[in-house]
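S.K.: In case it helps, our numbering puts the sequence shown at residues 5 to 206.
From the three backbone atoms N, C-alpha and C, an ideal C-beta is built for every residue, glycine too.
Following this message is one structure expressed as structure tokens.
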Amino acid sequence: MAFVPAAGPFASFDTLRAEALGCTRCALSATRSQVVFGVGDEQARLMFVGEAPGEQEDSRGEPFVGRAGTLLTRCIEEIGLSRKEVYIANVVKCRPPNNRDPLPAEIEACRPFLAAQVAFIRPVVVVTLGNFATKLLLATKEGITRLRGREVPFGDDGAVLIPMLHPAAVLRNGGKALAETRADFVVAKRALDRQAYRPAAS
């Protein structure tokens, strides 16, 4: 099923956030501490989409705040940006118990929230971090190790999507994975530089 950015029933970004923060669409609502909606510039040109919150994210209500988040922040800063200038979200907004993989039903329950986030933010470059985000947004079964670093057209207004390794996987796998990720961030920076101006809203 193709991923289509769409505001759907949400009249504004604030309406979307309020709906997500009170969501009970799947069983994760019973085990979470809080919804981890997303953080950053709501008009960002660069958007990151990860998998799901972990324990620290669930506790603090912000995505990518542990060791993987520190690595992500460092890579963002290496291309001349800060976390405040990008937007960071996840496919699933609530922590799966014991940090297990999100289930298909949980991903589908959260799909409208992510689709609306992308539609309202209108990034010119979307970076998917890891397999779950990449497979959902590209509607593919191909793995991240084969897709990483490629630019793929995304949406109808000239945006591109660049799959990257999840920062947690980079931490597990060490030097080669870190070098690949840094190279992929250069790809993202070049894509941003080519699209110096946000396309006019239709």
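(1) Looking at C-beta atoms only, is the number of pairs between the stretch 54-74 and the stretch 101-110 that lie closer than 8 Å three or more?
(2) In three-state DSSP terms, what is lysine 193?
(3) Looking at the secondary structure, which residues open and close the alpha helix (DSSP H) in which threonine 77 lies?
(4) Can you tell me whether proline 57 is helix, strand or coil according to DSSP?
(5) Note the first and the last residue of the continuous alpha helix (DSSP H) segment covering threonine 149.
(6) What residue range does the beta strand (DSSP E) around phenylalanine 158 cover?
(7) Would you tell me roughly how many angstroms separate the C-alpha atoms of glutamate 292 and leucine 75, rounded to the nearest one?
(8) Expressed to the nearest angstrom, what Euclidean distance is found between the alpha-carbon atoms of methionine 5 and arginine 71?
(9) So, does the stretch 95-108 touch the stretch 35-48, judging by three or more C-beta pairs under 8 Å?
(10) Does DSSP put phenylalanine 52 in a helix, in a strand, or in coil?
(11) Using CA atoms only, rank isn't needed, just tell me which of Gly159, Val174 and Arg64 is closest to phenylalanine 7.
(12) Could you tell me which of Val174, Asn94, Glu184 and Arg126 sits nearest to arginine 154, measuring between CA atoms?
(13) Would threonine 138 pass as a contact of proline 116 if the rule is Cβ separation under 8 Å?
(14) Counting only the same chain and skipping the five closest in sequence on each side, list residues whose C-beta sits under 8 Å from that of arginine 78.
(15) On the three-state DSSP scale, how would you describe alanine 123?
(16) For asparagine 177, count neighbouring C-beta atoms within 10 Å of its own C-beta (all shown protein chains included) and say buried if the count is 16 or more, exposed if not.
(17) Valine 69 to serine 86, Cα distance in whole Å?
(18) Looking at proline 9 and alanine 123, is the spacing between their C-beta atoms short of 8 Å?
(19) Check this for me: beta carbons of phenylalanine 41 and alanine 24, under 8 Å apart or not?
(20) Would you kindly work out how many angstroms separate the C-alpha atoms of threonine 132 and leucine 142, rounded to a whole number?
(21) Can you grab the Cα-Cα spacing for the pair glycine 26 / alanine 187, in whole Å?
M.R.: Quick look at the numbers:
(1) yes
(2) Correct three-state label for lysine 193: helix.
(3) 71-82
(4) coil
(5) 148-151
(6) Start and end: 156-158.
(7) This structure cannot speak to residue 292, because the chain is shown only from 5 to 206.
(8) 33 Å
(9) yes
(10) In this structure, phenylalanine 52 counts as strand in the three-state DSSP scheme.
(11) The shortest C-alpha separation from phenylalanine 7 is found at Gly159.
(12) Glu184
(13) no
(14) none
(15) helix
(16) exposed
(17) 14 Å
(18) A contact, by the Cβ cut-off of 8 Å.
(19) yes
(20) 9 Å
(21) 39 Å
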